[in-house]
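All residue numbers for the sequence shown refer to the working numbering, where the first residue is 122 and numbers rise by one.
Beta carbons are placed, not taken as given, at the ideal position from N, Cα and C, and that holds for glycine.
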Amino acid sequence: MRWFFLFLALTPCAMAEEKNPIQTIKDLVSLISTHIVADSQMKEAVSKDKALFQKHRKTNQKFHDQLAQFIDFEKLGTDSMPKKWRNKYWVVKTSEKGKFLDLLQELVEGIVYPRAKEFFKDVRFTYKKPTYLEESQEKAKRADVLCKIGVKDKIVNLRYRLIQRGGQWKIYDVNLEGEWWTDSLKSQFNHVITTKSYEELIALMQKKLKNVQEGMSF
């Protein structure tokens, strides 16, 4: 599940009241950098002390609600599911959409946040001015932010898509060197549903989540 690891390459910054796309990214990473237990610590704990591993999980869970303020999981999940499958499974039974979105969010929280904390240690960041996708910044509800990341001697391009919800900018997609996260997810979800079934996709996500919660998968 490579697509879980291509998210949130951002830079730490103090929390602030200013409501703009870049500040949303910085605020999110400030929380992760300050409070989330890193992936390496989780792996070390599970190999030596399962109780400590579960303690680390509970520490991270305390901040999931705050972090969710900066990510639009509903749009992320909706854009990641092919329209034909949304129409077939979510329209007929609306509870299926909620189940899928909850699973996707829990997987991001359990896998991506600790890996993001690990990644922040040794990178440098430069943010470019946001591009607003409407005719004016004042009317804009969507924005695109380019970030250039220095990793050792290499520069990596990351692009973020955000949407404004009730005055708060929220991330809903990330592009790492040409690949949009939602496109990668959509391709993989479509493959599983086409070759197996929608029910099998949900079962695979549930199994993955259980393994993450028990320290059997990271």
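{"Asked": "Alpha carbon to alpha carbon, how far is Ser308 from Arg207?", "Found": "14 Å"}
{"Asked": "With respect to the alpha helix (DSSP H) encompassing Gly198, which residues constitute its N-terminal and C-terminal limits?", "Found": "Phe194 to Ser201"}
{"Asked": "Between Val233, Ala172 and Lys220, which has its C-alpha nearest Leu149's C-alpha?", "Found": "Val233"}
{"Asked": "Taking the runs of the alpha helix (DSSP H) that are 4 residues or longer, which of them lie wholly in the stretch 173-233?", "Found": "185-189, 194-201 and 215-228"}
{"Asked": "Go to Ile157, then tell me how far its beta strand (DSSP E) extends in each direction, as first and last residue.", "Found": "Ile157 -> no beta strand (DSSP E), and no H or E assigned at all."}
{"Asked": "One question on the structure: do Pro142 and Ala264 come within less than 7 Å of each other, judged by their Cβ atoms?", "Found": "yes"}
{"Asked": "The ligand NAD and Lys331: does any heavy atom of the ligand fall closer than 6 Å to the residue's C-beta?", "Found": "Summarising the ligand content, the structure contains no ligands, and the ligand NAD is consequently not present."}
{"Asked": "Among the residues of its own chain, which have a CB less than 7 Å from the CB of Gln327, if the five just before and after it don't count?", "Found": "Leu224"}
{"Asked": "Mapping the DSSP letters down to three states, classify Phe246 as helix, strand or coil.", "Found": "strand"}
{"Asked": "Identify the residues that DSSP records as bridge partners of Ala264: which are they?", "Found": "Tyr253 and Leu283"}
{"Asked": "Among all the DSSP beta bridges, which residues are the ones paired with Gln289?", "Found": "Arg286"}
{"Asked": "Of all the options Lys171, Gln182 and Asp193, which has the alpha carbon lying nearest to the alpha carbon of Ile292?", "Found": "Asp193"}
{"Asked": "Ignore the nearest five residues each way along the sequence and tell me which others in Arg245's own chain have a CB closer than 6 Å to its CB.", "Found": "Gly271"}
{"Asked": "Run through DSSP, which three-state label would Asp148 get?", "Found": "helix"}
{"Asked": "Figure out for me which residue from Gln226, Ser154, Asp243 and Met337 has the closest Cα to the Cα of Asp364.", "Found": "Shown here, the chain extends from 122 to 339; a query on residue 364 therefore has no answer."}
{"Asked": "I'd like to know if the stretch 269-283 and the stretch 164-172 are in contact, where contact means that at least 3 CB-CB pairs between them fall below 8 Å.", "Found": "no"}
{"Asked": "Please confirm whether Gly198 and Leu222 have their CB atoms less than 7 Å apart.", "Found": "yes"}
{"Asked": "For the alpha helix (DSSP H) containing Glu321, list its first residue and its last residue.", "Found": "Tyr319 to Gln334"}
{"Asked": "In the DSSP assignment, find the unbroken alpha helix (DSSP H) run with Asp304 in it and report its ends.", "Found": "Trp302 to Thr316"}
{"Asked": "Below 7 Å between beta carbons: does that hold for Glu239 and Ala159?", "Found": "yes"}
{"Asked": "Please classify Leu254: is it buried, with 16 or more other beta-carbons within 10 angstroms of its beta-carbon, or exposed?", "Found": "exposed"}
{"Asked": "Between which residues of its own chain and Ser161 is the CB-CB distance below 7 Å, once the five residues before and five after are set aside?", "Found": "Glu239"}
{"Asked": "Nearest-angstrom Cα distance between Phe126 and Val213?", "Found": "Low confidence applies to Phe126: its pLDDT is 44, below 50, so where it sits in the model is not reliable, and the reading given next is rough at best. Between Phe126 and Val213, the C-alpha separation is close to 32 Å."}
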